[in-house]
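First comes the structure, then the notes that go with it.
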Amino acid sequence: MKISVIITLKKDVLDPQGKVIHQTLDGMGFEDVNEVRQGKYFEIDTKETDNDKAKTKVEEMCKKLLANLVIENYKIIDLK
Amino acid sequence: MKSSVITFPGSNCDRDIDVALKKFGFKNKMVWHADAELPKSDLVVLPGGFSYGDYLRCGSMASKSKIMQSVINFANSGGMVMGICNGFQILVETGLVPGVLLRNKYLEFICKNVFVKINDKKNKYFKNVDNEVLEFHIAHNEGNYFCTNDQLKEIEDNNQIAINYCNENGKIEDQFNPNGSIKNIAGIFNKEKNVLGMMPHPERMIDTSLSGEDGSLFFKNLINNLK
Chain R
1 MKISVIITLK
11 KDVLDPQGKV
21 IHQTLDGMGF
31 EDVNEVRQGK
41 YFEIDTKETD
51 NDKAKTKVEE
61 MCKKLLANLV
71 IENYKIIDLK
Chain B
1 MKSSVITFPG
11 SNCDRDIDVA
21 LKKFGFKNKM
31 VWHADAELPK
41 SDLVVLPGGF
51 SYGDYLRCGS
61 MASKSKIMQS
71 VINFANSGGM
81 VMGICNGFQI
91 LVETGLVPGV
101 LLRNKYLEFI
111 CKNVFVKIND
121 KKNKYFKNVD
131 NEVLEFHIAH
141 NEGNYFCTND
151 QLKEIEDNNQ
161 IAINYCNENG
171 KIEDQFNPNG
181 SIKNIAGIFN
191 KEKNVLGMMP
201 HPERMIDTSL
211 SGEDGSLFFK
221 NLINNLK
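As you go down the protein sequences, you meet chains R and B in turn.
For the first sequence, the residue numbers in my numbering are 1 to 80.
For the second sequence, the residue numbers in my numbering are 1 to 227.
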């Protein structure tokens with residue numbers, strides 16, 4: 001089973017990289033961009049075949065390693 | 001006094017801190033990250049560097065390595081644990097000290113001498129240091145200290161801020177903040193003040209032929225406080 005997870009910075013956390021990307025896009029002529037926030041994307045291939053169990057496991061992975069919950073949120077976006 | 005320095009894959013200040021600790025009288029042992037047991041120690045140091053290539057988040061992988069469970073147990077039983085630079089990043093990832101270290105505000109790797117003001121001397125790290133301000137060296141890309149408002153309140157209520165970036169006169173202002181850290185925080189303690197995480201490198205200031213001697217003051221004082 002393959003699980004896709006995205007990790008995003010929480011709203012109040014400064015994202016200097018996102019800011020620079022925004023400025024660059026602006027300079028390229030994409031002037032209607034309001035804000036850019038950079039995040040991370042993971043594809044996890046697991047032996048688990050049960051949807052719920054896989055989801056629980058990946059949530060545990062997110063809490064323990066993949067995300068730092070002080071500054072980041074995680075979201076499972078795909079499971080197949 | 002016995003100390004242990006943990007070497008992770010990618011640590012590169014482990015030998016510097018080894019030299020510094022020995023110079024001021026510690027019997028130091030180097031400990032490999034994959035070992036399970038800590039040697040008997042009065043002080044454990046997590047050194048600077050780029051453990052695991054800074055993958056995922058700085059310090060995140062190292063915080064899960066085998067030796068860290070022993071280090072966490074040692075800290076929780078009151079043992080002295082100091083994390084410098086990447087060691088600080090590892091400490092925040094273990095949760096031994098609150099907060100996180102984000103990318104520097106202006107996206108630059110900063111390598112220079114800075115002044116820090118000692119905020120609290122009721123602890124074994126800074127007790128009896130005569131100076132209020134010390135000159136240390138910083139070299140990092142992710143030293144921008146951040147925590148939630150609730151955490152900040154708790155840190156301030158418990159007087160957990162160890163050192164703040166300042167000028168040579170001890171003035172703590174935004175213009176002397178190199179990396180965007182909240183409240184110019186350069187180092188913090190855990191609640192009990194036996195665990196210290198800081199971005200500056202005192203081990204780089206132990207010889208006049210390097211760039212200064214304020215690190216010598218720090219280590220001389222530290223070993224006396226531990227005796």
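Positions of the beta carbon are idealized from the N, C-alpha and C atoms, including for glycine.
Among the residues facing chain R, B/Thr148 is included, as its CB has a counterpart in that chain under 8 Å away. Using a Cβ-Cβ cut-off of 8 Å, R/Asn73 does not count as an interface residue toward chain B, since no Cβ of chain B sits closer than that to its own. Chain B places no beta carbon closer than 8 Å to that of R/Gln23, leaving this residue out of the contacts. Close partners of R/Gln38 in chain B (Cβ separation under 8 Å) are lacking, with about 10 Å as the shortest Cβ gap. Contact holds between the segment 186-200 of chain B and the segment 81-93 of chain B, because three or more Cβ pairs, one in each stretch, are under 8 Å apart. Close partners of R/Val20 in chain B (Cβ separation under 9 Å): Leu107. Contact check for B/Asp120 against B/Ile161 passes: the beta carbons are separated by less than 8 Å. At a cut-off of 8 Å between beta-carbon atoms, B/Arg204 makes no contact with chain R. Taking a cut-off of 8 Å on C-beta distances, the segment 52-68 of chain B touches the segment 88-106 of chain B, as three or more cross pairs fall below it.
Judged by DSSP in its simplified three-state form, B/Glu135 adopts strand.
At a C-beta separation below 7 Å, B/Ser51 has no neighbours in chain R, since its nearest C-beta there lies roughly 14 Å away. Look at B/Tyr165 here: in three-state DSSP terms it is strand. Between B/Leu222 and B/Ile182, the C-beta gap is not smaller than 8 Å, which leaves the two residues out of contact.
In this structure, B/Glu135 is the residue among B/Lys127, B/Phe8, B/Lys122 and B/Glu135 with its C-alpha nearest to the C-alpha of B/Phe115.
Residue burial is scored here from C-beta neighbours: B/Cys111 has fewer than 16 other C-beta atoms within 10 angstroms and is therefore classed as exposed.
Counting other Cβ atoms within 10 Å of its Cβ, B/Ser41 reaches 16 or more and is therefore classed as buried. With the rule of 3 Cβ pairs closer than 8 Å, the segment 49-56 of chain R does not count as touching the segment 29-41 of chain R. B/Phe219 and B/Lys122 have their C-alpha atoms spaced approximately 16 Å apart. Closest by C-alpha distance to B/Ala139, out of B/Leu210, B/Asn179 and B/Glu37, is B/Asn179. Per the coordinates, the alpha-carbon of R/Ile3 lies some 5 Å from the alpha-carbon of R/Ile44. At the C-beta level, B/Phe146 and R/Ile7 stay beyond 8 Å of one another. Annotation: R/Asp50 is outside any beta strand (DSSP E) and is labelled neither H nor E by DSSP.
For B/Leu102, at least one C-beta of chain R is nearer than 8 Å to its own C-beta.
Nearest to B/Ala75 by alpha-carbon distance, out of B/Tyr52, B/Phe50 and B/Val44, is B/Val44. In terms of beta-carbon proximity, R/Val5 stays away from the interface with chain B, with every pair separated by 8 Å or more.
At a beta-carbon threshold of 9 Å, the residues of chain B lying near R/Asn68 are Arg57, Ser60, Val92, Glu93 and Val100, ordered along the chain. When 8 Å is used as the limit between beta carbons, R/Val13 is near these residues of chain B: Leu102 and Phe146, in chain order. For R/Leu79, no chain B residue has a C-beta closer than 9 Å to its own C-beta; the minimum C-beta separation is roughly 22 Å. The beta carbon of B/Leu102 is closer than 6 Å to those of Asn144 and Phe146 in its chain, skipping five residues each way along the sequence. The continuous beta strand (DSSP E) containing B/Leu101 extends over residues Val100 to Leu102.
If one requires a minimum length of 3 residues, the beta strand (DSSP E) runs lying completely within the segment 21-75 of chain R are 40-45, in chain order.
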